[in-house]
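For the sequence shown, the working numbering gives the first residue as 27, with consecutive numbering after it. Yeah, the Cβ is synthetic: ideal placement off N, Cα and C, and Gly gets one too. As the structure is a prediction and not an experimental result, all values here were calculated from the model. What follows is a set of notes on a single structure, which appears directly below.
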Amino acid sequence: MNEPSAFQIKVPGSTANLGPGFDSIGLAFGRYLVLNAVKAESWAFHYINQPTFRPALESNLIFVTAKKIADQHGKDLPPYSVDVLNDIPLSRGLGSSGAAIIAGIELADFLLDLNMTLEEKSWIACKAEGHPDNVTASLYGGLVVSTQSQTSVSSVLLPAPKFDFVTVIPNYELKTSEARKALPKSLSFKQAIEASSVGNVLIAALLTENGATAGKMMESDLFHQPYRAKLIPDMDKIVLIAHESGAYGTFLSGAGPTVMSLADHEKSSQVRDALQNAFPDYECVVLEPVNHGARIHIVSTK
């Protein structure tokens with residue numbers, strides 16, 4: 027059993043869907059969930075930059091995920107005191123729960139010497155999250171396209187697109203469970219074909235660095251954005267300002283309420299400034315995709 031005196035787990039956040047890639051496309055970003063663990067007498071989690079977030083151990087998603095894996099293998103997790111630095115805002119559509127699940131999987135795999143493959147970790151994460159987009163992006167890094175069935179998940183790993191993502195993070199939460207209630211029960215066969223083709227073109231445009239077409243596809247989604255946009259009061263205004271200041275296209279990050287705009291490196295700052303001026307109470311930042319996923323670093327073996 028692995029029991030170093032101190033180690034660190036670092037997991038990137040993610041955006042999901044990118045418009046038409048509903049429950050399928052995920053992209054890792056340079057915002058992180060960081061666990062700094064030190065050997066202790068009992069398990070404890072301290073959220074350093076989220077002092078009001080104090081989930082009980084039995085409802086802490088990181089620990090619950092790790093313990094479930096340990097129980098399945100008939101093992102006990104050696105106790106650690108964990109300082110958590112979380113740069114991924116909760117319930118904003120930036121993969122906070124997905125990152126926590128991946129952190130829990132890495133925690134169990136590392137401490138119990140399970141030596142799980144990435145594919146095994148991915149399937150555990152997808153079963154826990156219910157859909158693959160956020161968790162696979164946080165696990166693998168880069169742009170990940172996945173499909174999940176009742177028995178498996180299949181993912182294709184692609185390099186992160188060479189664009190910036192200008193991000194508007196509202197000062198309110200929107201839980202994914204609530205956003206899913208806004209979705210239709212079904213789409214017609216004709217609508218499903220069109221919606222699927224939009225997602226296909228989006229991937230091709232990103233891979234060929236065709237920002238104009240990618241942005242158009244992001245705004246042409248038929249799966250979820252037309253139904254969820256009403257839950258984001260400023261969506262139309264954000265889209266308009268982003269276009270006027272040079273962005274290619276704008277989409278909901280995951281279920282929202284965070285909204286992202288695709289832009290070239292040369293224009294992303296002016297897009298961000300325009301949005302920040304329009305929404306001074308929101309956090310407006312330029313996020314860059316990252317090609318690395320979850321990582322573990324042993325700080326001390328003593």
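- With 16 or more other CB atoms across the displayed protein chains lying within 10 angstroms of its CB, residue 164 is buried.
- DSSP places residue 49 inside the beta strand (DSSP E), whose first and last residues are 47 to 65.
- The alpha carbon of residue 156 has as its nearest neighbour, out of 124, 129, 184, the alpha carbon of 124.
- Here the C-alpha atom of residue 285 lies approximately 12 Å from the C-alpha atom of residue 200.
- The distance from the Cβ of residue 228 to that of residue 244 is about 7 Å, consistent with a contact at the 8 Å cut-off.
- For residue 33, the uninterrupted beta strand (DSSP E) run begins and ends at 32 to 43, by DSSP.
- The beta-bridge partner set that DSSP reports for residue 278 consists of 285.
- With respect to the 8 Å criterion, residue 59 and residue 40 are not classified as neighbours on the basis of their beta carbons.
- When the Cα atoms are used, residue 98 and residue 108 turn out to be separated by approximately 23 Å.
- Between residue 190 and residue 289 the beta-carbon gap is near 5 Å, inside 8 Å, which marks them as a contact.
- Rounded to whole angstroms, residue 226 and residue 87 show a C-alpha spacing of 33 Å.
- Two segments are said to touch when three or more pairs of C-beta atoms, one from each, lie closer than 8 Å; by this definition the segment 249 to 262 does not touch the segment 77 to 96.
- Under DSSP, residue 84 takes part in no beta bridge, so it has no partner.
- The beta carbon of residue 296 lies closer than 8 Å to those of 271, 272 in the same chain, with the five residues before and after it left out.
- Exclusion of the five residues before and after residue 147 leaves 128, 131, 132, 135, 165 as the residues of its chain whose Cβ lies within less than 8 Å of its Cβ.
- Under DSSP, residue 180 takes part in a beta bridge, and its partners are 173.
- Residue 316 carries a coil assignment under DSSP once its states are collapsed to helix, strand and coil.
- At least 8 Å separates the beta-carbon of residue 258 from that of residue 301.
- Residue range 321 to 326 is occupied by the beta strand (DSSP E) that includes residue 322.
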